[in-house]
Structures are given as C-alpha cells and as structure tokens.
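*Asks:*
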Amino acid sequence: MSPKGFPENLPPAWRERLAPEAEKDYFKSLTRFLVGEHRSGARVFPAKENVLRAIQSLDLPDVKVVILGQDPYHGEGQAIGLSFAVPNTLRPKPPSLQNIFKEIREELGVAIPEGQSDLSGWVAQGVLLLNAVLTVRANEAFSHREQGWETFTDEIIRHLDASENPIVFLLWGSAAQKKKLLIRDPRHFILESAHPSPLSAHRGFLGNGHFARTNEILRKLGRGEIRWERVSI
Numbered sequence: 002m003s004p005k006g007f008p009e010n011l012p013p014a015w016r017e018r019l020a021p022e023a024e025k026d027y028f029k030s031l032t033r034f035l036v037g038e039h040r041s042g043a044r045v046f047p048a049k050e051n052v053l054r055a056i057q058s059l060d061l062p063d064v065k066v067v068i069l070g071q072d073p074y075h076g077e078g079q080a081i082g083l084s085f086a087v088p089n090t091l092r093p094k095p096p097s098l099q100n101i102f103k104e105i106r107e108e109l110g111v112a113i114p115e116g117q118s119d120l121s122g123w124v125a126q127g128v129l130l131l132n133a134v135l136t137v138r139a140n141e142a143f144s145h146r147e148q149g150w151e152t153f154t155d156e157i158i159r160h161l162d163a164s165e166n167p168i169v170f171l172l173w174g175s176a177a178q179k180k181k182l183l184i185r186d187p188r189h190f191i192l193e194s195a196h197p198s199p200l201s202a203h204r205g206f207l208g209n210g211h212f213a214r215t216n217e218i219l220r221k222l223g224r225g226e227i228r229w230e231r232v233s234i
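For what it's worth, the working numbering labels the leading residue of the sequence shown as 2, then goes sequentially.
1) How many whole angstroms separate the CB atoms of residue 139 and residue 34, which I take to be in contact at a CB cut-off of 8 angstroms?
2) With contact counted as at least three CB pairs below 8 angstroms, one residue from each stretch, are the region 38-52 and the region 11-27 in contact?
3) Excluding the 5 residues preceding and the 5 following residue 171 in the sequence, name in chain order all residues of the same chain whose CB lies nearer than 6 angstroms to its CB.
4) Do you know how far the Cα of residue 190 is from the Cα of residue 71?
5) Take residue 228 as the anchor and find which of 160, 162, 183, 112 has the nearest alpha-carbon.
6) Roughly how many angstroms lie between the CA atoms of residue 96 and residue 74, to the nearest whole one?
7) Applying the criterion that 16 or more other CB atoms from any shown protein chain within 10 Å of the CB defines a buried residue, is residue 41 buried or exposed?
8) Does DSSP put residue 51 in a helix, in a strand, or in coil?
9) Measure from the alpha carbon of residue 186 to the alpha carbon of each residue in 99, 61, 160, 39, then state which is nearest.
10) DSSP state of residue 173, grouped into three classes?
11) According to the neighbour-count rule (16 or more other Cβ atoms, all chains shown, within 10 Å of its Cβ), is residue 9 buried or exposed?
12) Please determine, among 145, 99, 149, the residue with the shortest C-alpha to C-alpha distance to residue 22.
13) Using a 10 Å radius around the Cβ and a threshold of 16 neighbouring Cβ atoms, would you call residue 143 buried or exposed?
14) Hey, out of 26, 43, 4, 11, whose CA is closest to residue 141's CA?
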C-alpha cells in the first residue's frame, strides 16, 4: 500500500519524475508507517484522497508560484492537502490564513470573497501549495515529521528547480527558508519573509509585498499574473 494515488493518479510530468521514489527504502518505510497508523486506529489528516492533492491538482510544467508550508493542520475538518488552505465551510479561518488574506487586501486593494478559503482558485492559476510533511495525526502537531515525507517533498522541490520555466518561490518562516538550498537555478526567484502565524506575522510577513512582487515578476517573465482575490473556483 502506497499513499493513495501514488504514482498512478499523478499528472504525467509528476508521475514520470516521482514514480522512482516508490522503490526507495525511505518511501517503503514511510508507507509502512502510514499503514501502521491506520491499522492502529489513529485518525490521520488529511483524508487519504487528499494527501497528494498538491501535486495531483497541478502538473509540473504549469507551476508558476510555489508556497511552501510545514505540516497539515491537525484539527478536525481543516486539512485538505494544500498548504494553508481549509474548506470553504470552516469557521473561523486559521489565523495564518487570515493574515495571508489581510496582506493581500492591504497590498493589492482587493476584496477576498467571504466564505472562500480552499485556495483552489490559486491552484487553478498555477500556484503549488506544498507542505514539507503531507500527513499528521489528529490533534498532534508535527506527529508525522521525520518519517520520510521531508525526503519526498525535497525531491519535489528539486524537480521544481529543474523545471524549464522560471518559478517564484515564497518562503515564509525559517523552516521554509531552509529549503532554498534546494533551489539552485538562478532563473528562479525566491521571496522570503517571516511566517504569517500570529506569533511572527508582525515581524516581517505583514507588509512584505510578496503578492504584488510575485505578479510583477510573472508579468516580466511573460507568465501572466495571479489574481490572488480568486481564492476558490
């Protein structure tokens, strides 16, 4: 048993590049760990069908922007397989996502539609929302760290770095910023700031200008721009 949909349900470019991971020892160990979690009765988030959603819903050649997160939300009904995203029906929105929306409103002068938070609209425009760790045990933050996911998602970042198209990487917080060592091609753009968490947002996330700057870069590259107010499809 592998994480559901791997690699068969991935779009073509990701499937070609990531399929070899399934035969590596770390991935087999990760698979055994996940099987053990489910057999023990542990509740694991997100749902199996959403664990690989970030790469299932956006193929490699279509990625324009990458927003790196850490772990999935560990609360009931929150994690949907995309970094920072939650279901549109969830109330209240997580504080980090609220700060992201606040920054968009203040930077761009646009309104975020009430009740939209699943970020599917960003994905549809080419934003890859990738966590470093793709699963978590219910109500136990960081419980699936160092089980193999970091190796897998680092491989994803390496393939992004090797992409034919320039990409804008948004690295918020020290954990995400450590990943810039994997981004070596000078054609890519890296924007860094504090994390949007309430613990750090006022130390450099709010006012970072990343959303406007990203669009400026994309326009210069001839890759259009992201309509950040289009949160959901």
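Where is the CB? At the ideal position from N, CA and C, for every residue including glycine.
*Replies:* Looking at the coordinates:
1) On the sequence shown, position 138 is the one that residue 139 refers to. On the sequence shown, position 33 is the one that residue 34 refers to. Incorrect: roughly 16 angstroms between the Cβ atoms, too far for contact.
2) no
3) Translated into positions along the sequence shown, residue 171 becomes position 170. Spatial neighbours of residue 171 in its own chain (CB-CB distance under 6 angstroms, excluding positions within 5 residues in sequence) are listed in chain order as 68, 192, 211.
4) For the purposes of this step, residue 71 is identified with residue 70 of the sequence shown, where counting begins at 1. For the purposes of this step, residue 190 is identified with residue 189 of the sequence shown, where counting begins at 1. Residue 71 and residue 190: Cα-Cα distance of roughly 20 angstroms.
5) In the sequence shown, residue 228 corresponds to position 227, counting from 1. Nearest option by C-alpha distance: 112.
6) Stepping through the sequence shown from its first residue, residue 96 is reached at position 95. Stepping through the sequence shown from its first residue, residue 74 is reached at position 73. Using only the alpha carbons, I get a separation of about 12 angstroms.
7) The count along the sequence shown starts at 1 and reaches residue 41 at position 40. Exposed, since its Cβ has fewer than 16 Cβ neighbours within 10 Å.
8) Taking the first residue of the sequence shown as position 1, residue 51 is located at position 50. Of the three classes helix, strand and coil, the one that applies to residue 51 here is helix, per DSSP.
9) Position 185 of the sequence shown, counted from the start, is the residue given in the question as residue 186. Nearest option by C-alpha distance: 160.
10) Walking along the sequence shown from the start, residue 173 turns up at place 172. In this structure, residue 173 counts as strand in the three-state DSSP scheme.
11) The count along the sequence shown starts at 1 and reaches residue 9 at position 8. Classification of residue 9: exposed, given that the 10 Å Cβ count is below 16.
12) To locate residue 22, count along the sequence shown from 1; it is residue 21. Of 145, 99, 149, the residue nearest in Cα terms is 149.
13) Mapped onto the sequence shown, residue 143 falls at position 142. By the neighbour-count rule (16 or more Cβ atoms within 10 Å), residue 143 is not buried but exposed.
14) As a working note, residue 141 is residue 140 in the sequence shown. Of the candidates 26, 43, 4, 11, the one whose C-alpha sits nearest the C-alpha of residue 141 is 43.
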